[in-house]
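> Okay, here's the structure, questions in a sec.
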Amino acid sequence: MISIILKYRKLANGEYPIVLRITKDKCTKIISLGVSCKKEHWDGNQISKRHPDYTLKNRLLLRAKEKALRIVDEFKLQNIDFTLDEFETSFRGKKSIKTTVSDFWLEKISDLNQAGRTGNARAYKDSYVSFFKFCNRKSLTFREITPSELDKYETYLRATGSHDGGIGVRMRAIRALYNDAIKKGVVAEKYYPFKAYKVSKLKGKGFKTFLTKDEIERIINLDTDEYPHLLDTKNYAVFSYFMGGINFADLMRLKWEDVQNDRVNYIRSKTKGRFSIKILAPAAEILEYYRKLDTGTAFIFPILLKDKMTPLQIENRKAKSLRRYNSQLKEIASILNIKKKVTSYTFRHSFATNLKYSGISADVIGQSMGHSDVSVTQAYLKEFDDSIVDEAMKKLLEESSTKYKLLSE
1 MISIILKYRK LANGEYPIVL RITKDKCTKI ISLGVSCKKE HWDGNQISKR HPDYTLKNRL
61 LLRAKEKALR IVDEFKLQNI DFTLDEFETS FRGKKSIKTT VSDFWLEKIS DLNQAGRTGN
121 ARAYKDSYVS FFKFCNRKSL TFREITPSEL DKYETYLRAT GSHDGGIGVR MRAIRALYND
181 AIKKGVVAEK YYPFKAYKVS KLKGKGFKTF LTKDEIERII NLDTDEYPHL LDTKNYAVFS
241 YFMGGINFAD LMRLKWEDVQ NDRVNYIRSK TKGRFSIKIL APAAEILEYY RKLDTGTAFI
301 FPILLKDKMT PLQIENRKAK SLRRYNSQLK EIASILNIKK KVTSYTFRHS FATNLKYSGI
361 SADVIGQSMG HSDVSVTQAY LKEFDDSIVD EAMKKLLEES STKYKLLSE
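When we follow this note's numbering, the leftmost residue of the sequence shown carries the number 1, and every step to the right adds one.
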């Protein structure tokens, strides 16, 4: 398990480093001891008497091995099934690395924020709050996240109203965190609980709400003279529908420079895919309204109110604006007697579903949405000529004779 060996990689001075080797669970770690000698002075497990300083150096090697054995014994006495990284930390006398799930999780959130990946950071934070509301024990270690513990967490989530889709989001966050902990040596792979607990069972295949063309037209016809506070929300919803189901995160980031001739060109924040969407008449009228309005920024819509915002400021603004948007979409549905749960994603699903019912192939729909088919889980993006997608999107205007009316007209 523990041995002192000569590493066969010659140093600049012609000698070879002597290192401590520890093997555990079929894994090996090499730790430098700062001692070296020539190959002819090495005698299997110690320095031979031919070396002028063999007594001193062998004493250093013996102390190193004794220290390593003592550390292993201490772990055993405390019933700790240590990792090799934990052993090295103790051997070098460094401050103990963060091994609690809570500390590691919070560090992950901080790293994501610093990297500007604020959306991922928020998702990890939401899952952190949910999990420790269930667990309520910040001293929890990764070894204690067992399949049984995950089953209990799933039961807790179901009892608090979550379904497969939401539960899957939480479990995938924990799984990704656990994989990262294994990669960084915080926990041994043999404790990995997701070999037994299968996230794949959480299919999340709930019915995706969509609006029919008739219901979309009723939203278009909503009298915002009577409900002026709903004008922006109505515009965002209709724009999303007629612009390829663009989601809220991308809509709020659109700039006037993204509008070129009769197209909007943008990079989707989630997949980094590039899109060029033909501007249909209803969307064109909405753009003209905001061009005249002048938000005072480079952004088209009055959601991000300053040009220079940090990623964290943008993420916070998105979360606040999205809550308001979804709340007002619910109000619109109530006013129009639409008996469906309408959210920002409803218009993305409506775009895809209405094209499907108009006879457009799933491949073409996928091209416009950034996926190879209607499923948002596909990673492969097929290539179609823009004209094919443009013609397909015109189907959204069929069976609708209503001109889009704005409050300003």
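Glycine residues also receive a C-beta, built at the ideal position from the N, C-alpha and C atoms.
Classify residue 242 as helix, strand or coil using the three-state DSSP reduction.
Looking at residue 242 - three-state DSSP - the assignment turns out to be helix.
> Is the beta carbon of residue 277 closer than 8 Å to that of residue 263?
Taking 8 Å as the Cβ cut-off, residue 263 and residue 277 qualify as a contacting pair.
> Using the C-alpha atoms, what's the distance from residue 42 back to residue 16?
Each residue's Cα considered, the two are about 9 Å apart.
> Restricting to runs no shorter than 4 residues, where is the alpha helix (DSSP H) found entirely within the region 100-173?
Segments of the alpha helix (DSSP H) lying fully in the region 100-173: 101-114, 118-135, 147-159.
> Considering only C-alpha positions, which residue in the set 139, 165, 138, 133 is nearest to residue 152?
Among 139, 165, 138, 133, the Cα nearest to that of residue 152 belongs to 133.
> Is it true that the CB of residue 248 sits closer than 8 Å to the CB of residue 322?
Cβ atoms of residue 322 and residue 248: closer than 8 Å.
> Using the rule of at least 16 other Cβ atoms within 10 Å of the residue's Cβ for burial, across every protein chain shown, is residue 252 buried or exposed?
So residue 252 counts as buried.
> Given a threshold of 16 other Cβ atoms within 10 Å of its Cβ, counted over all protein chains shown, does residue 80 qualify as buried or as exposed?
The residue is exposed, with fewer than 16 neighbouring Cβ atoms inside 10 Å.
> What's the call for residue 1, buried or exposed, on a 16-neighbour Cβ count within 10 Å?
Its Cβ having fewer than 16 others within 10 Å, residue 1 is exposed.
> Roughly how many angstroms separate the alpha carbons of residue 158 and residue 166, rounded to a whole number?
In a straight line, the C-alpha of residue 158 is about 10 Å away from that of residue 166.
> Ordered along the chain, which non-local residues of its own chain (more than five positions away) have a Cβ less than 7 Å from that of residue 219?
Here the set comprises 234, 237, 238, 332, 336.
> When DSSP labels each residue in this structure, what does residue 48 get in the three-state scheme?
It is coil, neither helix nor strand.
> Residue range of the alpha helix (DSSP H) that residue 72 falls in?
Here the alpha helix (DSSP H) through residue 72 covers 54-77.
> Under the rule that 16 or more other beta-carbon atoms within 10 Å means buried, what is residue 267, buried or exposed?
Exposed, by the Cβ-count rule.
> Does the region 36-54 come within contact of the region 104-117, defined as at least 3 CB pairs closer than 8 Å?
Taking 8 Å as the limit for Cβ pairs, the verdict is that the region 104-117 does not touch the region 36-54.
> Would you kindly report the start and end of the unbroken beta strand (DSSP E) that includes residue 263?
Where residue 263 is concerned, the enclosing beta strand (DSSP E) stretches over 263-267.
> Would you say residue 131 and residue 174 are within 8 Å of each other, going by their C-beta atoms?
The answer is yes: Cβ separation under 8 Å.
> Helix, strand or coil: how does DSSP classify residue 199 here?
Looking at residue 199 - three-state DSSP - the assignment turns out to be helix.
> When burial is assigned at 16 or more other CB atoms within 10 Å of the CB, is residue 110 buried or exposed?
Exposed is the call here.
> Based on the DSSP output, what are the partners of residue 255 in its beta bridges?
Answer is 299, bridged to residue 255.
> Pull the bridge partners of residue 29 from the DSSP assignment, please.
For residue 29, which the question treats as bridged, DSSP gives the partners 22.
> According to DSSP, residue 16 sits in a beta bridge with which residue or residues?
Residue 16 pairs with 37.
> Helix, strand or coil: how does DSSP classify residue 344 here?
In this structure, residue 344 counts as coil in the three-state DSSP scheme.
> Helix or strand or just coil, what does DSSP make of residue 220?
Reduced to three states, the DSSP call for residue 220 is helix.
> Give the C-beta separation of residue 343 and residue 326 to the nearest angstrom, bearing in mind that I take them to be a contact with Cβ-Cβ under 8 Å.
Between residue 326 and residue 343 the Cβ distance is about 5 Å, and since that is below 8 Å, they are a contact.
> Hey, how far is the Cα of residue 122 from the Cα of residue 270?
In a straight line, the C-alpha of residue 122 is about 14 Å away from that of residue 270.
> Tell me residue 6's beta-bridge partners as DSSP assigns them.
Per DSSP, 18.
> Do you know offhand how far residue 143's Cα is from residue 61's?
Spanning the two alpha carbons is a distance of roughly 33 Å.
> Taking just the CA atoms, how far does residue 184 sit from residue 339?
Rounded to whole angstroms, residue 339 to residue 184 spans 49 Å at the Cα level.
> In angstroms, rounded to a whole number, what distance separates the CA positions of residue 178 and residue 279?
Looking at the two C-alpha atoms, the distance is approximately 44 Å.
> What do you reckon, are the CB atoms on residue 307 and residue 319 nearer than 8 Å?
No, Cβ-Cβ distance for residue 307 and residue 319 is not below 8 Å.
> Is residue 277 helix, strand or coil when you go by DSSP?
Note: residue 277 maps to strand in three-state DSSP.
> Taking the DSSP output, what are the residues bridged to residue 260?
The partner list for residue 260 (beta bridge, DSSP) reads 263.
> Is residue 68 closer than 8 Å to residue 106 when the C-beta atoms are compared?
Contact flag unset, no.
> Taking only the alpha-carbon atoms, compute the straight-line gap between residue 199 and residue 155 and give it to the nearest angstrom.
Roughly 14 Å separates the two Cα atoms.
> Between the Cα of residue 92 and those of 127, 141, 32, spot the shortest distance and give me the residue it belongs to.
Closest by alpha carbon: 32.
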